[in-house]
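S.K.: If you want the working numbering, it's the position in the sequence shown, counting the first as 1, plus 1. Each residue gets a CB set at the ideal place from its N, CA and C atoms; glycine is no exception.
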Amino acid sequence: MKNIVILGSTGSIGKSALEIIDRMPEKFRVIGLSANEDIITLKKQALKYKPEYICITNETIAKKIGIVKNTKILTGYEGLIKLCTLKQADIILIAVVGSIGLFPLLYAIKKRKKIALANKEALIIAGEIINKEKNKYNARIIPVDSEHSAIFQILQNKDINSVKRIILTASGGPFRNFSKTELNNITVKQALNHPTWKMGKKITIDSSTLMNKGLEVLEAHFLFNIPYEKIEVVIHPQSIVHSMVEFIDGAVFAQLSLPDMRLPIMYALTYPERENIIIKQLDITKTRHLEFQKLNLKKFPAFYLALKAGKIGGTMPACMNAANEIAVKNFLNGKIKFNEIPYYIKKTMDNHKTIFNPGISEIIQIDILTREYVQKLIDMDKN
2 MKNIVILGST GSIGKSALEI IDRMPEKFRV IGLSANEDII TLKKQALKYK PEYICITNET
62 IAKKIGIVKN TKILTGYEGL IKLCTLKQAD IILIAVVGSI GLFPLLYAIK KRKKIALANK
122 EALIIAGEII NKEKNKYNAR IIPVDSEHSA IFQILQNKDI NSVKRIILTA SGGPFRNFSK
182 TELNNITVKQ ALNHPTWKMG KKITIDSSTL MNKGLEVLEA HFLFNIPYEK IEVVIHPQSI
242 VHSMVEFIDG AVFAQLSLPD MRLPIMYALT YPERENIIIK QLDITKTRHL EFQKLNLKKF
302 PAFYLALKAG KIGGTMPACM NAANEIAVKN FLNGKIKFNE IPYYIKKTMD NHKTIFNPGI
362 SEIIQIDILT REYVQKLIDM DKN
């Protein structure tokens, strides 16, 4: 039996992971759970799974949770780090959203934990540092994103030098067929209605702007040590093919399954084994139409901005990521329009003076300063 810690257990990935654990109670024991501020769900989970520890990162809200019998309550970032470094923990699922996942990931690496990574922002803002630490401590990171899980599975026992290119697929989001005029008037409700995937609010908006796909290109670059020039994106509305790898001899390998995040989550938790548990069965005889289209960069500038930040490197990805998080937050709060999300990201990136080969402290400082800058920019424009 493996002891598992889930950071972000009240979010969509965390809840799906617990569903999988419910199906394999003989395989996993939950010893740690965390949430940012959803203490109602966290308390219910704690009562059901009886973990040794729970953590609430929002220290103000943490005071309201009260006593949870036989469970120690941790708070703040320090609490997350303690969960990641528990001696008895075998697997750490990092499913928190945003740059908050960086330090827990680094500490889990140093403790040589098996890491199931659903947080892409940590790799995006500090990918080079993370890879150095991963190699230093010989840690294993298994991606949870469906696209990167697909690539990871395809590349098992393959020589990375034999890869010609990686092809990430994107559903195109709910607005792939919208005109530029229609994109100007998108509501929050429309943007949160993704056609294929059930996800949290922030990642759903990122999927609508295609920022999420841009972030996934950066993630693939660091996860698989693949140059940006060898990573391509195609629109695939059916979301059946999760990614493809073309090898130097022209052979193309693809991973297919129905769109359900529980599949890559289960693979990450049970790796290197596979379990005889079918979440959803793909009937290939009913899959009559698989469509692939080129990505329209003019319609989705957020994707281009993410890719540009990755190619520049240094602190630019941290700047881009922070600007996006604040812009998305303001869109969800009704303060800016949908098409203003990439506008504020571009304006922030244009103003940023990149620091190359930054340390962690510099990355964190850029993250903080960028958030403040973007919020002030929006407040000045909208007040």
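Can you look up G33 in the DSSP assignment and give me helix, strand or coil?
M.R.: strand
S.K.: With 16 other CB atoms within 10 Å as the buried threshold, where does K1 fall?
M.R.: An answer regarding residue 1 cannot be provided, because it is not within the stretch 2 to 384 covered by the chain.
S.K.: Three Cβ pairs or more, each shorter than 8 Å: is that satisfied between the stretch 267-276 and the stretch 287-294?
M.R.: no
S.K.: Leaving out the 5 sequence neighbours to the left and right, which residues in its chain are closer than 6 Å to H237 when beta-carbon positions are compared?
M.R.: Excluding residues within five positions, the ones whose Cβ falls inside 6 Å are T170, F293.
S.K.: Grab the span of the beta strand (DSSP E) containing A255 for me, first residue to last.
M.R.: Taken as a continuous stretch (DSSP letters only), the beta strand (DSSP E) holding A255 covers 253-257.
S.K.: Going by beta carbon distance, what residues of the same chain come within less than 7 Å of M212, once the five residues before and after it are set aside?
M.R.: A303, F304, A307, N325
S.K.: Take the Cβ of L48 as the centre, count every other Cβ of all protein chains shown within 10 Å, and call the residue buried at 16 or more, exposed below.
M.R.: Under this definition L48 is an exposed residue.
S.K.: From M2 to I152, what distance separates their C-alpha atoms?
M.R.: 28 Å
S.K.: Just to check my reading of the structure: I155 and V246 have Cβ atoms closer than 8 Å, yes? What is that Cβ distance to the nearest angstrom?
M.R.: 5 Å
S.K.: Kindly indicate which three-state DSSP category Y344 falls into: helix, strand or coil?
M.R.: helix
S.K.: Report buried or exposed for L107, applying the criterion of at least 16 other Cβ atoms within 10 angstroms of its Cβ.
M.R.: buried
S.K.: Who are I92's beta bridge partners in DSSP?
M.R.: Beta-bridge analysis with DSSP links I92 to I5, K115.
S.K.: Would you report the Cα separation of T349 and I110, rounded to the nearest angstrom?
M.R.: Spanning the two alpha carbons is a distance of roughly 32 Å.
S.K.: Would you call the CB atoms of K165 and D146 closer than 8 Å?
M.R.: Not closer than 8 Å, so no.
S.K.: Could you tell me which residues DSSP pairs with Y54 in its beta bridges?
M.R.: For Y54, DSSP records a beta bridge to G33, K73.
S.K.: Would the stretch 173-183 and the stretch 252-271 be scored as touching if the rule is three or more Cβ pairs under 8 Å?
M.R.: The stretch 173-183 makes no contact with the stretch 252-271; the number of CB pairs closer than 8 Å stays below 3.
S.K.: With 16 as the cutoff for other CB atoms within 10 Å, does N322 come out buried or exposed?
M.R.: buried
S.K.: Can you find the residues in the same chain that come closer than 8 Å, C-beta to C-beta, to H222, ignoring five residues on each side of it along the sequence?
M.R.: G128, P228, Y229, I232, G311
S.K.: I'd like to know if the stretch 200-214 and the stretch 330-349 are in contact, where contact means that at least 3 CB-CB pairs between them fall below 8 Å.
M.R.: yes
S.K.: Quick one: give me the first and last residue of the beta strand (DSSP E) that T86 is part of.
M.R.: First-last for T86: undefined, no H or E at that position.
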